[in-house]
Every structure is written in structure tokens, then in C-alpha cells.
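Encoded as C-alpha cells, the structure appears first; notes follow it.
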Amino acid sequence: MPSEDRLPIYELADDLVAALRDPAGSRRLILQAPTGSGKSTQVPQMLLDAGLLGERGRVVVLQPRRLPARMLAARVARERDTTLGQEVGYRIRLDNVTSARTRIEYVTEGILLRQMLGAPSLGGVAAILFDEFHERHLYGDITLARALGIQETTRPDLQLIVMSATLETGTLEKYLAPCRTLVSRGRTFPVTTEYLPRPAPFDRIPAWELAAEELARLAAAHPAGDALVFMPGAYEISRTLNEIRHHPRLGQWLARPLHGELPPAEQDAAVAVYPGRRKVVVSTNVAETSLTIDGVRLVIDAGLARVARFDPYRGINTLLIEKISRASADQRAGRAGRTAPGHCLRLWTEAEHADRPAQETPEVGRLDLAEVVLTLKASGVDDVYNFRWLEPPGRRSLDRAELLLRDLGALDRATGRISAVGRQMLTFPVHPRYARMLLAARERDCVRPVALLAALTQSRNLFTRSEGRKMDEDRDDLLGAEHESDFFLLMRAFRFAENSRFDPGRCRRLGIHAQGARQAAELFAQFLDIEQKHGGNPDAQKDHGRDRSEDIRRCVLVGFSDQLARRLDEGTLRCQLVGNRRGTLARESAVGKARLIVAAEVREVQQRGDELNTLLSLATAVEETWLQEMFPDDLGATEEVFFDDTARRVMVRRQRRFRDLALDEKLSDDPPKEGAAALLAEEVLAGRCPLKNWDAAVEQWIARLNALSHWMPELGLVPIGPDDRRALIEQLCYGATTYKAIKERAVWPAVRAWLSPQQQAWIDEYAPERIEMHTARGPRKVKLTYPEPGDGAPPVLAARIQELYDVTGSVKVAAGRVPVVIQVLAPNHRPIQVTQDLANFWRESYPKHKAELQRKYPKHEWR
DNA sequence: GAGCACTGC
877 MPSEDRLPIY
887 ELADDLVAAL
897 RDPAGSRRLI
907 LQAPTGSGKS
917 TQVPQMLLDA
927 GLLGERGRVV
937 VLQPRRLPAR
947 MLAARVARER
957 DTTLGQEVGY
967 RIRLDNVTSA
977 RTRIEYVTEG
987 ILLRQMLGAP
997 SLGGVAAILF
1007 DEFHERHLYG
1017 DITLARALGI
1027 QETTRPDLQL
1037 IVMSATLETG
1047 TLEKYLAPCR
1057 TLVSRGRTFP
1067 VTTEYLPRPA
1077 PFDRIPAWEL
1087 AAEELARLAA
1097 AHPAGDALVF
1107 MPGAYEISRT
1117 LNEIRHHPRL
1127 GQWLARPLHG
1137 ELPPAEQDAA
1147 VAVYPGRRKV
1157 VVSTNVAETS
1167 LTIDGVRLVI
1177 DAGLARVARF
1187 DPYRGINTLL
1197 IEKISRASAD
1207 QRAGRAGRTA
1217 PGHCLRLWTE
1227 AEHADRPAQE
1237 TPEVGRLDLA
1247 EVVLTLKASG
1257 VDDVYNFRWL
1267 EPPGRRSLDR
1277 AELLLRDLGA
1287 LDRATGRISA
1297 VGRQMLTFPV
1307 HPRYARMLLA
1317 ARERDCVRPV
1327 ALLAALTQSR
1337 NLFTRSEGRK
1347 MDEDRDDLLG
1357 AEHESDFFLL
1367 MRAFRFAENS
1377 RFDPGRCRRL
1387 GIHAQGARQA
1397 AELFAQFLDI
1407 EQKHGGNPDA
1417 QKDHGRDRSE
1427 DIRRCVLVGF
1437 SDQLARRLDE
1447 GTLRCQLVGN
1457 RRGTLARESA
1467 VGKARLIVAA
1477 EVREVQQRGD
1487 ELNTLLSLAT
1497 AVEETWLQEM
1507 FPDDLGATEE
1517 VFFDDTARRV
1527 MVRRQRRFRD
1537 LALDEKLSDD
1547 PPKEGAAALL
1557 AEEVLAGRCP
1567 LKNWDAAVEQ
1577 WIARLNALSH
1587 WMPELGLVPI
1597 GPDDRRALIE
1607 QLCYGATTYK
1617 AIKERAVWPA
1627 VRAWLSPQQQ
1637 AWIDEYAPER
1647 IEMHTARGPR
1657 KVKLTYPEPG
1667 DGAPPVLAAR
1677 IQELYDVTGS
1687 VKVAAGRVPV
1697 VIQVLAPNHR
1707 PIQVTQDLAN
1717 FWRESYPKHK
1727 AELQRKYPKH
1737 EWR
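Throughout the first sequence, residue numbering follows this note's numbering, covering 877 to 1739 in sequence.
Here it is in C-alpha cells:
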């Protein structure tokens, strides 16, 4: 049974200290300890108290989230009876509560990575503790990799301890080798797990119905404690709440939603304790790691989550519903055992469970790596492909990141090394796109608005989800009409929030997140501060008599030129983007009428019926003339000649392009003559536009020519091959642009002109169309058929047996060189025999057939 | 039912 006084981690204290103190040791340690072991608060103190930090060294405890960083620091300070910020402190973005005397500091992941950029040998840091490493955040991965490098080069004394709750440690051990692994127990209560007996028919019964039904069943069997239901998103949560609230057997339950978009007051309401009532919280992934809810003893898990991914092939973010991993399901189940033994129902079968992935894909394998790649390049890692990744990202992800950084000018085009611009960009702690925008703003003296714009995109969505027409209208009334950029609407909303001193009530009426606006204000201040420190003057708004809106929008274009889009048609939201992508402009976008826009967000989401839709949001209207001025090298024109199947004519499509995106398109029917002839010839050859006069006789003539060129090479005849045929037809089509114009054109003159009159005469002589034969009824001209394509196969003569009685020798063409193949036909024109040697036929074959033929056709003459 | 999980510098 877990006890309050003695944390399980103490059992490891001696081993831990011994391992780190070992002079022959590697100073690398993996600490596998589940939630509640006390590792986050106790291990740093063990290091300090055992003297492992030296005289004045610090231990940095890396945290994935800000709130726990602060809370843990406060708790440890309390345990050690000191003021926060003295011996124990924390550093998170915009909040540094440490001092020169600080020995234990809780730091969020991004902060340490930034620190490594400025001070690569990490002076003063004796040890780094990577807490919650199993969550595998991007910055955690990179920070560990860099820390290993630092330890191997300038800081062999640096101690690295990787702490992880559920991680399968095999790959990590290999990665850190040589290292030691210590394992500790947790301090949670047992949780029993139950699966569905058979797969849930989610196509017929939605997950929310099933969850409510199962809650009613389990509520009776487990009479104590609160419940937690995991759903993938806000929509599913609201449906589940609806089911629960209307369920006849769940009337006494208090049901509360919990997800990140919720205002803080409602989040508090979900976490709060309601004495005397049973509570069910329906939550997204927030409750899996970020928030803990005390008193939960029952978990119902739909097993789904919306997972963000970046598709490096298309350069599109996706946010699709996926099945969670086994590790994630265990983490969710554990939420039932924090205060007492609990129970977890998984809405899938045990067999299905075995098929799920063991772990979630780490962020490094699914997110946009542009920012991380730039950071690595700044640290001297020129070849990011061969960086010491714990798990290397896909090649395409790195390609895509480098491509974007090159487009932004952050990397040298030729060498791929970081450029001066790239280094300047890194002074701003934002995605490279926004950093680049801020640099562009410096040149245009509009840093202030662009800094605000950048700040507004970093915090959670400033606008709450629309809650009906009324709020939309109020918002429109107050914020005014906007046609140039969605960013401008955000900025106005921010100004409103600021003027109302971030009052949650006033903001909420307009659907504005007061908290989000407050965070944006802090970021805004940070960006302006950085600008000032680097010699800029954010208030240098010299008035050049220019349109401020235009300056700002041009900056947006600099950061997102690869997400330029053109409206496909007026009145539609469908857009064509650079990079051969398509998307739909968000319906609430203010720039609904602009023809050219840049979208700061391109995201693929699931629509009703699981259909996928690429959604363009945070859009800004841009002008084509800007492209000309700002990206002259990326503009071009194309001219495409094509055959219009319905009009049956050759047309020209002339486009002006920005990279591969057509800016406009003009169709005309004045194609260049060569191009038109070639396309018409193509249609003729494919049989879609037959030439009336290119008949069987023409084909036979070509076959004769080709055959004769084989049989009698001394004549010097040039055969008509497939290419020549194409050239001939092209020549026939020359000057025309429509099928109508070529359909009736004369063919013979052009084909015949292939040969000189002398050569034409040879064809008639040596490969004649008809040949004279002495039949029983006298001489007769019989037609020869030359097999196509005329590669030397002999011509065929078909004749009824009675016509052949007097023909004994073989019939020959090509000056007697090529015996004609004779098809001997019965009176019904069915072939009896095919032969080049008629004499042999009369002698060997004919006698065998004669009797039967005579019986069948008694009226014919049979010799 | 319109179309959105969670963090972090």
C-alpha cells in the first residue's frame, strides 16, 4: 500500500548516488519510475545533498510544461524551507525566478535549448535531469542529443539523468550507452482493466452513446468515486455530455467537459470536487498528462485522439482522429488509480488492443522540423541528416525543413549552412516563418504591428469557437468589417481585450479568450524587447506616406510565400496553392473576396463522413504587383498548347505563374502552327480524329513500300516507320487547328511524295497491288494483301480452289524473290490451307480433302 | 455536424 511518508524513489537513492559518483562511470543514467514515485522532486535534492553538484554547480530539471515547472519548484523550495528563487528556482518563458545562488532549477525544454545556443558548454550546470522524457517532445529529444554531444566534448563532468515513466528503455539504453538503468516502483493504486467482448459497431452506435451506456452499467458496479471519459475532441465531448445528461440511470451524476479550448473557469469546474455528488468528466488528452483530476476511480476510454502531423510530402499539417497507443491507454487507465484502487473500461477488444502501436510516434517523427533544423545549424550541425537523432526523422521531413529555410533565406543556397539572416532570425523565439516576417518588418518600419501579429498566432486561438449568430454579429459590429487580413481582425480583437484590461466577462461576450490575449500581450512585449536589444527601434514608424496595411501584408507574404493561393473561381472558397496543392478557404475568413491570398495555416481535417478537407485559415490578401517586386525570380509565363476534346480544336493556354501556381489563365485559338500540327497528328494517330482519305489503300501502299525495301534493298527505298508516319500526318495537318479542317484533306499526294516517280513505279512493278494468275477460266488479276507494317512478311493471295486448278508453280513478287502466300479457300470461302508451295499442296494435301469437299459441295467441279 | 488534440522558446 502506498504510504505518504516514504516515497518509493528513496529505495534507489543509494544506487543512484553511487552510480553517479563512480569515477569510472559514464555519468549517464536512466531512471525508470512511474508517476507518484517522487522522482521529480526528490532526485534533484539527492544530487545536491550528496554533493554531486560540486561547490556551486546547478542541477537543471527539464520539464515539458510550464505549470509543473513552477509547481515543482515551489514544492521543493517549501520542502527545503527556502524562498523560491534562492536555492530552488524555475525558468519558463517570460518568467525567470532564479538567482546566482540557485542550485536546483526547473526549466522548460525550449529554454534550455535556447541556453545551449548562447552558452554551448553550459557553464555552471553540473547535471541535467530530463523529466517525463517518455513523452518524447521535440525539444526534449534535441536537448538530450545536444547534451550528449556536450558531455563528449567540452563537459565530460556533466551528469545526464533521463527519467521516464512508461518508456520502453531498450532504444534509449543503446542511445545513451554506456549507461546504467535504475528502476523504481510507483505509488499508485491497482487499476483493473476491462475490454469490450466484441468490437464496438461505431458505424452504427456512436462512441458517445456507448460510453454513456457503459457508464450507467459501471456506475452501479462501482458505487464510489468519480469517472473520467476520454474522447478525441470538443464535438465528441459535447455529444457524450448530452447522452449522459439524458440517460435515465445517470440522473444523479454531475457531468463536466474538459478540453484545452475551454475558458479557465470551466476547466476549474471540471477539476473541482463536488461533495455529495458523483462527477463524470468527459475530457480530451489534456487529462492524460497535463491535468490531473483527484477522486477519479473509473475511466472509460474511447481510445481515440486527434493527432497533429506534418505531411512533409505535401507540406500540410493534418489533424486527424487516430487510435491511441497501448502506452497511452495505460497512462489513461492509470488516471483511475491516483487516490484509490480503480477500474478502466476500454471501448475496444483485447485482440484489437494487441494490434495497436506500443508507443505514440514521437514528435520528431511527425512535426514540422524547420525551427529545430535552424537551431541545429546555428549550433554548427551542418549535416542534419547525420545528426545523432535518438530516432531519425524521415528524410523527407528534413528535406522539407531545409527547403523552407532556404526559401526564407535562413540557409545559404549553395552550402546549406546557416546564413546571416538565419542567425538574426534565431534571435526571435518563434517559428522561422514569423522570425523572417519580423526581420522584413524591420526594413519596412512596421515591427510593432508584425510583432503583435506574430504574438497572436503563438497563444491558443484568440477567438473562442463561434457560439451562434448573435455573438458573430456582436463581434462584427465591434470589430468592424475587414477584407484585407484575418490577422487584422485578430489585432483588433486584441486591442479590444487590452482596452478592457483583459476582463474575462467583457471578452467572453465577443468570443475572445481574455487569457489568450493576455499571453499574447506578454509575447508581444518580448518580441519588442528583443527588437530593441538588437538595435532596432520598434517605434521608428517613419511615415513614408505608405499604407501600413500593405507593409504588414507584404511581411506576411515574405514568411508564407510558399502558401500563396489563388481563388479558383469567384464566389467559391476553393483555392489552388503553390506546390500543386488545393484547399478551401475557411468560411469565417475576412478575405473571402480576394483573388490572391497567403494562408498562414494549411491544415487537413476530417469532415463529416470522414472526408478530408484541406482548410486554409489566417489568410491575408496580397497583390500581384508585390510578387513582381519581391520575388522577380519566381515569376514566369507558360504557354501550353492542347487539344480540346469537345471543341475538337487545338487551343493555347497562356499562364503567368508564381513558381508552379498559375496566377491567371488565358485561352485562345491561335496556337503556333508546329504545335497545332503535332497535337492534331497525335489525335489522328490515336484514332480519335480519323482522316477520311487515309484509307486501306494508303495503308497497303505503305506496307508494300516497307516490304519492298526489305526484299530489294538495292532499290534504296526508304521505308515509312512510325516516326515517319507521324511526320507525314503532321505535314498533312500543317496550318490547321481544328479537326474539321483536316478531316477531308487529300492524303495521297503527300504520301506519294515520299518517293520519286521512279520509286513509285518500282512499287507498282515489284510489289503490285494485284497479280495476274492463270486460272481455269483464263488469266485474271487477283488482289494481294501485304501484311502491315510490311517488315518483310510475304503478301497473301486468297483464291477458291477451283480458280487454282491450273496454277501449279508458286506465285512470286519482288522480281521472283518472294513467293506469295496462297490461302486456298473452299467454296464457302473458308480457308483449307495456307501455303507458299502450291505444287506440294496438290500432291500431298489436296487428295486428303477432296472426298469430303466433293460430298459437301457436289455441284462444284472437282478435279 | 461546419471545421480544429496538446505542448514549448
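Note that beta-carbon positions come from the ideal geometry of N, C-alpha and C, so glycine has one too.
Contact between the segment 1487-1497 and the segment 1455-1471 (3+ Cβ pairs under 8 angstroms)
yes
If you check the beta carbons only, do N1218 and V1067 fall under 8 angstroms apart?
According to the sequence shown, residue 1218 is Gly rather than Asn. Yes. Within cutoff.
So what's Y1733 in DSSP terms, helix, strand or just coil?
If DSSP states are grouped into helix, strand and coil, Y1733 belongs with coil.
Among residues of its own chain, excluding the 5 on either side of A926, which ones have a beta-carbon nearer than 6 angstroms to its beta-carbon?
V893
Cα separation between S1376 and C1383?
8 angstroms
Alpha helix (DSSP H) runs contained entirely in the segment 1292-1354, provided each spans 4 or more residues
You should have 1296-1301, 1308-1319 and 1323-1334.
Considering only residues of the same chain and omitting the five flanking positions on each side of K1199, which have a CB-CB separation below 7 angstroms?
For K1199, where only same-chain residues beyond five positions count, the Cβ hits under 7 angstroms are G1179, L1180 and R1232.
Looking at T1225 and G1171, is the spacing between their C-beta atoms short of 8 angstroms?
G1171 places its beta carbon 8 angstroms or farther from that of T1225.
Can you tell me whether DSSP reads H1725 as helix, strand or coil?
helix
Using a Cβ-Cβ cutoff of less than 7 angstroms, which residues in the same chain neighbour R882 once the five nearest sequence positions on both sides are dropped?
none
As assigned by DSSP and simplified to three states, the class of K1568
DSSP, reduced to helix, strand and coil, places K1568 outside both helices and strands of the structure shown, so it counts as coil.
Smallest Cα separation from N972: which of E955, A949 and M992?
A949
Rounded to whole angstroms, what's the CA-CA distance from S1159 to A1023? Just pull it up for me.
When rounded, the distance between both Cα atoms is 36 angstroms.
Determine, using beta carbons only, whether L905 and I1018 come nearer to each other than 8 angstroms.
No; because the gap between Cβ atoms is not below 8 angstroms, this pair is not in contact.
Looking at the unbroken alpha helix (DSSP H) that takes in A1254, where does it start and where does it end?
The continuous alpha helix (DSSP H) containing A1254 extends over residues A1246 to A1254.
Buried or exposed by the 16-neighbour rule on C-beta atoms within 10 Å, applied to G1256
Here G1256 is exposed, its C-beta having fewer than 16 other C-beta atoms within 10 Å.
Q1143 burial status per 10 Å Cβ neighbour count (16 or more: buried)
buried
Close beta carbons around P1108, own chain, < 8 angstroms, minus the five adjacent residues each side
T1160, A1178, L1180, A1181, R1182 and I1197
Scan the segment 1633-1694 and note each continuous beta strand (DSSP E) run of 3 residues or more that stays entirely inside, going in chain order.
Runs found: 1646-1651, 1654-1661 and 1672-1676.
Might you give, ordered along the chain, the residues of its own chain that have their beta carbon closer than 6 angstroms to the beta carbon of M877, omitting 5 neighbours on each side?
Any reading at M877 must be qualified, since the residue scores a pLDDT of 39, below 50, and its modelled position is unreliable; no value is offered.
Suppose contacts are defined by Cβ-Cβ distances below 8 angstroms. Is A963 in contact with R951 by that definition?
The residue you asked about is not Ala; residue 963 is Glu in the sequence shown. No, the Cβ-Cβ distance between E963 and R951 is not below 8 angstroms.
Which residues bound the beta strand (DSSP E) around R1074?
Where R1074 is concerned, there is no enclosing beta strand (DSSP E), given that its DSSP letter is neither H nor E.
Considering only residues of the segment 1530-1554, which uninterrupted beta strand (DSSP E) runs meet the minimum length of 3 residues and lie entirely inside it, listed in chain order?
1537-1544
In DSSP terms, what R1182 is bridged to
I1197
My parser needs the alpha helix (DSSP H) runs of 4 or more residues fully inside the segment 1122-1195; what are they?
1140-1147 and 1162-1165
Helix, strand or coil for S1040, going by three-state DSSP, please let me know.
strand
Rounded to whole angstroms, what is the Cα-Cα separation between L993 and A1513?
44 angstroms
Ignoring anything shorter than 3 residues or poking outside the segment 1403-1456, list the beta strand (DSSP E) runs there in chain order.
Counting only runs of at least 3 residues, the segment 1403-1456 fully encloses the following beta strand (DSSP E) elements, listed from N- to C-terminal order: 1440-1443 and 1450-1453.
Beta-carbon proximity of R1063 to G912, cut-off 8 angstroms
yes
Quick one: Cα of A1617 to Cα of V1672, how far?
37 angstroms
Identity of the residue in P944, R1535 and P910 nearest G1213 by Cα
Closest by alpha carbon: P910.
Would you identify the three-state DSSP class for Y1610, choosing helix, strand or coil?
Of the three classes helix, strand and coil, the one that applies to Y1610 here is coil, per DSSP.
With the cut-off set at 8 angstroms, would you say R1525 and Y1615 are in Cβ contact?
yes
3-residue-minimum beta strand (DSSP E) runs that sit fully inside the segment 1047-1123, ordered along the chain
1056-1059, 1067-1071 and 1102-1106
Three-state class that DSSP yields for A1603 in the structure shown
A1603 falls in the helix class under three-state DSSP.
Below 8 angstroms on the Cβ atoms is my contact criterion, and I expect V1306 with A1330 to pass it. Report the Cβ-Cβ distance as a whole number of Å.
6 angstroms
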